[in-house]
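Down below is the structure, laid out as structure tokens.
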């Protein structure tokens, strides 16, 4: 049964119920219910499997019914769909950011060409160019960590514990 598997795998990984709940982004009560034998939703099973670093199918004993097989397949399909959508949306954010970066660089270059006669203004715009170059990469990382990823984690909860959630599959 799935309840024995979750408890067994949790103990093998050296996790308490609280640690598993935190890692899976679910409540401790949900972990307790599942370990007591209550059925969990596909999404919950997926979150637990991700937190344990296993596939959903490994939560079930070797002898799985056709109903359990369908549940496993559905969980995997949902995860793959959310990963695909998340990656697509992430790529859109990065493309928008890149377009803004290129636009800023073009504006700086155009301003440098326009104010060629004024040395002080040229120096100011040239300095702006260097500053834009210096801050854009750290700014991108900060935006991903603090704004984009949390927003996508909320929108696509099954992908929260996936390490490669923002990378296109090879």
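In UniProt numbering, the protein residues as written are 1 to 170. Glycine included, C-beta positions come from ideal geometry on N, C-alpha and C. Given the structure is predicted, the values throughout are model-derived calculations rather than measurements.
Check: Classify residue 40 as buried or exposed, calling it buried when 16 or more other Cβ atoms lie within 10 Å of its own Cβ.; Outcome: buried
Check: Report the residue ranges of all alpha helix (DSSP H) runs contained in full by the region 34-88; include only those spanning at least 4 residues, in chain order.; Outcome: 42-52
Check: Among 111, 51, 98, which one has its Cα closest to the Cα of residue 172?; Outcome: Since the displayed the chain opens at 1 and closes at 170, residue 172 lies outside it and no answer follows.
Check: Taking only the alpha-carbon atoms, compute the straight-line gap between residue 150 and residue 106 and give it to the nearest angstrom.; Outcome: 31 Å
Check: Any idea what DSSP makes of residue 7, helix, strand or coil?; Outcome: helix
Check: What does a CB cutoff of less than 7 Å around residue 82 pick up in its chain, not counting 5 residues either side in sequence?; Outcome: 156, 158, 159
Check: Within the continuous alpha helix (DSSP H) that includes residue 135, where are the two ends?; Outcome: 119-143
Check: Within 10 angstroms of the Cβ of residue 90, are there 16 or more other Cβ atoms? Answer buried if so, exposed if not.; Outcome: buried
Check: Residue 161: buried (16+ other C-beta within 10 angstroms of its C-beta) or exposed?; Outcome: buried
Check: Within 10 Å of its beta-carbon, does residue 20 have 16 or more other beta-carbons around it, so buried, or fewer, so exposed?; Outcome: buried
Check: Quick one: grab the DSSP three-state call for residue 28.; Outcome: helix
Check: Look at the alpha carbon of residue 56 and the alpha carbon of residue 142, and state the distance between them as a whole number of angstroms.; Outcome: 32 Å
Check: Below 8 Å on the Cβ atoms is my guess for residue 108 versus residue 125; work out the distance and round it to an integer in Å.; Outcome: 6 Å
Check: On the three-state DSSP scale, how would you describe residue 156?; Outcome: coil
Check: From residue 95 to residue 110, what distance separates their C-alpha atoms?; Outcome: 22 Å
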